[in-house]
Amino acid sequence: MTVVKSYMAKPGDVDQQWWHVDATDKVVGRLATKVAMVLMGKHRPTYTPHIDTGDFVVITNVEKVKFSGKKMSNKVYTWYTGYPGLRSETAEKRMERKPDQILRDAIRRMLPKNKLGRKMLSKLKLVVGPDHGHQAQQPQPLET
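Residues 6 to 149 (this note's numbering) make up the sequence shown, in order.
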């Protein structure tokens, strides 16, 4: 009788790669799901839930992402400031003010809500415009 053992990655076993994504004319949610999977490491056969097996992702042209339907004018982002009441703004206003925050929030909300998720989010690099400062890492294009 043969015994099949599951593979569990150890922190030193993972060889992390760098990926590059051009966000021009991409839909926010569809792009965020693919990037979140790469950050978590679920694209690898050696995925282990309690170890950071994900890769680094550099996203350029984040100001050119799109929403499907009428979400650009109807979607509302709210946050709590510490004072009574909530602050809110539409996606259109947030795109003018902080274009990278839209994509960062979409990806952050798809990651685990713990220390490991925060470590995964630190491997996400968002850049407004086409040029990024990570050429030395030689990021490969990621198909989205």
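Idealized CB from N, CA, C, for every residue including glycine.
Please read these numbers as outputs of a predicted model, since none were measured by experiment.
Rounded to whole angstroms, the Cβ separation of LYS69 and THR29 is 5 Å, and the two are in contact under 8 Å. Around the beta carbon of GLY138, a 10 Å sphere encloses fewer than 16 other beta carbons of the protein chains shown; the residue is thus reported as exposed. When the Cα atoms are used, ALA41 and THR95 turn out to be separated by approximately 24 Å. Counting C-beta atoms within 10 angstroms of its own C-beta, VAL9 has fewer than 16 neighbours from the protein chains shown and is therefore classed as exposed. At a Cβ-Cβ threshold of 8 Å, SER73 and VAL32 count as neighbours. HIS48 has its alpha-carbon roughly 13 Å from the corresponding atom of THR149.
By the criterion of a C-beta distance shorter than 7 Å, GLY34 is surrounded in its chain by ALA111, once the five residues flanking it on both sides are discounted. Between the alpha carbons of ALA37 and LEU126 lies a gap of roughly 12 Å. In the three-state scheme derived from DSSP, where H, G and I count as helix and E and B as strand, SER78 is classed as helix.
With contacts defined as CB atoms closer than 8 Å, PRO135 and ASN66 qualify as a contacting pair.
Only buried fits MET100, as 16 or more other CB atoms lie within 10 angstroms of its CB. Per the DSSP secondary-structure output, ARG92 pairs in a beta bridge with TRP84. In this structure, ILE64 lies near LEU108, with their beta-carbon atoms less than 8 Å apart. By alpha-carbon distance to LYS118, the top candidate from ARG102, PRO54, LEU147 is PRO54.
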